[in-house]
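Just so you know, we're using the working numbering here: the sequence shown kicks off at 8 and counts up by one.
Contents: one structure, followed by commentary.
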Amino acid sequence: MERRNNTEVIQDILHLAGKRVLDVGCGPGVLVRMMTEAGAKVSGLECGALPLAKARAADPAGDETYMEGVGENIPFEDASFDTVVFFKSFHHVPVDAQEKALSEAARVLVPGGHVYILEPLAKGSQFELGLLLEDETEVRAVAYQVIKDAPKLGLNETQEVAYVHVSKHKDFETYRDAKILVDAAREQLIRDNEQTLRQTFERLGRETEAGLEFDQPMRVNLLRKAG
């Protein structure tokens, strides 16, 4: 697979300028700010208190906003957005709520709007590193099946793209802290297994001047709402 950057791919596929965009599971708001800089009017939705606080505390890129909430119960009116984005977040929606999350995405989209779903595949050195914390093979497979079944929700697939994103980490501590930020419930598990995780990090990573890098195969599914 071709090596590409996640943020470059989303800008290639989506025409962001002037669009109303919802980022579901926005974390600390990095993508929200990038899309704002690209000319979109962006709202970030996040259920984690710590990443939401970091998003709100960051220097704004423009008029972006953030709201607490979950993908299966989106707190916006019908037809509020041109695009809904799940950027590595869809498989984190509880399995029994994933179909509802796509239904909610369809509800808040205008007719002809798009759902952009970026998901990591269950392979690559980045995935292998994460196996020490959680094996997401099954949950990612289930999420993909829900995505492929989206036509019954009025969302038709227009594009599927696979590529390899290179994840770069300055050092182990940076990687560890980012994992905890995404899911604070992992912190004790990480602390209990820190030595093994550090050794695996150093074994799997490719050394560069900026730190260590890891391959993570990715897949984008672009869905279009009928109308």
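Heads up, the beta-carbon is just placed ideally off N, CA and C, and yes, glycines get one too.
With LEU116 as the anchor, note down where its beta strand (DSSP E) starts and where it stops. 116-127
Identify whether GLU220 lies in helix, strand or coil by the three-state DSSP scheme. DSSP places GLU220 in strand when its eight states are reduced to three.
Which of the three DSSP states, helix, strand or coil, is assigned to LEU140? Assignment of LEU140 by DSSP, reduced to helix, strand and coil, places it in the coil class.
Looking at HIS172: is its Cβ nearer than 8 Å to the Cβ of ASN12? yes
Tell me the rounded alpha-carbon separation between VAL117 and GLU84. Taken atom to atom, the span from the alpha-carbon of VAL117 to that of GLU84 is near 11 Å.
Note down, one range per segment and in chain order, each beta strand (DSSP E) of at least 3 residues found wholly within the region 51-96. The region 51-96 is shown to contain whole beta strand (DSSP E) runs of 3 or more residues at 72-75, 88-94, in chain order.
If you draw a straight line from the C-alpha of GLU145 to the C-alpha of ALA68, how long is it? 37 Å
Would you check if there are 3 or more beta carbon pairs closer than 8 Å linking the region 111-128 to the region 52-71? no
Is it buried or exposed for ALA108, if we count other Cβ within 10 angstroms and need 16 for buried? buried
Whole-angstrom distance between PRO58 and LEU188, CA atom to CA atom: When the Cα atoms are used, LEU188 and PRO58 turn out to be separated by approximately 6 Å.
Identify which residue in ARG198, ALA45, GLU201, GLY161 has its Cα closest to the Cα of ARG231. GLY161
Check whether THR72 and VAL28 have beta carbons under 8 Å apart: no
Taking the alpha-carbon of ALA112 as reference, which of PRO158, GLY137, LEU140, PRO127 has the nearest alpha-carbon? PRO158
Mapping DSSP to helix, strand and coil, what is LEU23? coil
If you follow the alpha helix (DSSP H) that ALA185 is in, where does it begin and where does it stop? 179-189
Kindly indicate which residue of LEU204, PRO82, SER96 has the alpha-carbon position closest to the one of ASP114. What sits at residue 114 in the sequence shown is Arg, not Asp. Of the listed residues, the one whose Cα sits closest to ARG114 is PRO82.
Assigned secondary structure, ASP103 (DSSP; H/G/I helix, E/B strand, else coil): Helix, per DSSP.
Have a look at GLY32 and GLY76 and give me their C-alpha separation to the nearest angstrom. 9 Å
CA-to-CA distance, GLU164 to GLY212, given in whole angstroms: 35 Å
Out of curiosity, what's the CA-to-CA distance linking ALA150 and ASN228? ALA150 and ASN228 have their C-alpha atoms some 11 Å from each other.
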